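Right, one structure below, let's go through it.
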Amino acid sequence: MKPLGDTLLVATHNAGKLEEFAALFAPLGIGVKGARAFDLPEPEETETTFLGNARIKARAAMEATGLPTLADDSGIEVDALGGAPGVYTADWAETPAGRDFMQAMERTHRELEARGAAEPRTARFRCTLVLLWPDGEEAVFEGAVEGRVTWPPRGLEGHGYDPIFVPDGHDITMGEMTFEQKNALSHRAAALAKLKAALDDA
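Converting from the sequence shown to our numbering requires adding 64 to each position, the first position being numbered 1.
Structure representation (structure tokens):
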């Protein structure tokens, strides 16, 4: 795999994700810039897999800027909901005023209650990273963290569904963890560890 250089475009408009990527790439001496820095629009995510949607985002940003680009698609899969919301994780948060993840968490809880889902309500966060170079070379890295969903939400840290997700081996939600605690075990950190190993071998 080719080296990345000292700057990488991360195809996200999500400030929370960008902050996580910046922290995880900092030890590698690689700075990151988000899609907002280039005023890039958000492409429509029309695929039904994390990999497919990550490719859409990576390709759109790379073609617009000519820069090596990293994109991720990630979400939460709740077993009692048949793996939902999965690739539609962000869609569950969509409102006319923007994304509201409290609404999404409430929907998750409501649907679990309607199904009479037994405890523990097992779930996992998944992340698929696509690294794309202007010459078309592509690398894919995947990570996951197993756990369970809980109610009510706990903690003000993190973003997305973090306040209702308790990772295996822990008794606090990701929303209650420090930035450093979460980055030590998150699905995104797991995928990035694989990316880092590939860079080290480059």
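Using N, Cα and C, we set each Cβ at its ideal position, and we do this for glycine too.
All values derive from a computational prediction rather than experimental measurement.
Of the choices Thr159, Val142 and Glu221, whose alpha-carbon is the least far from that of Phe189?
Val142
So what does DSSP say about Asp264, is it helix, strand or coil?
helix
Residues in the same chain with beta-carbon distance under 7 Å from Thr237, minus the five sequence neighbours each way, listed in chain order, please.
Thr214, Arg218, Gly219, Asp226, Pro227, Ile228, Phe229 and Val230
Just list the residues that DSSP pairs Lys97 with in beta bridges.
Leu73
Would you grab the beta carbon distance between Phe102 and Thr129 for me? Rounded to a whole angstrom, and I think it's under 8 Å.
About 6 Å separates the beta carbon of Phe102 from that of Thr129, a gap short enough to meet the 8 Å contact definition.
Helix, strand or coil for Pro231 per DSSP?
strand
Can you check DSSP and say which residues form a bridge with Asp136?
According to DSSP, which records beta bridges pairwise, Asp136 is partnered with Leu193.
Drop a sphere of 10 angstroms on the beta-carbon of Phe114, count the other beta-carbons inside from all chains shown, and report buried for 16 or more, exposed for fewer.
buried
Using 8 Å for Cβ pairs, my map puts Asp267 next to Thr192. What's the rounded Cβ distance?
Limits of the chain in this structure are 65 at one end and 266 at the other, which puts residue 267 out of reach.
4-residue-minimum alpha helix (DSSP H) runs that sit fully inside the region 111-178, ordered along the chain:
114-129 and 165-178
What are the residues that DSSP puts in a beta bridge with Glu210?
Arg188
Beta-carbon within less than 7 Å of Ala148's beta-carbon, same chain only, minus the 5 sequence neighbours each way: which residues are those?
Val142
Determine whether the beta carbon atoms of His251 and Val194 lie at a separation below 7 Å.
no
Suppose you measure from the CA of Thr186 to the CA of Thr133; what does that come to, to the nearest Å?
33 Å
Return the CA-CA distance between Gly269 and Glu175, expressed in angstroms with no decimal places.
Because the chain is modelled from 65 through 266, residue 269 falls outside the range shown and cannot be assessed.
Once DSSP output is grouped into helix, strand and coil, what is the label at Ala203?
strand
Given this structure, state the Cα-to-Cα distance separating Ala124 from Leu196, to the nearest angstrom.
Spanning the two alpha carbons is a distance of roughly 10 Å.
When Glu111, Ala182 and Val74 are compared against Val96, the one with the closest alpha-carbon:
When only C-alpha atoms are compared, the closest one is Val74.
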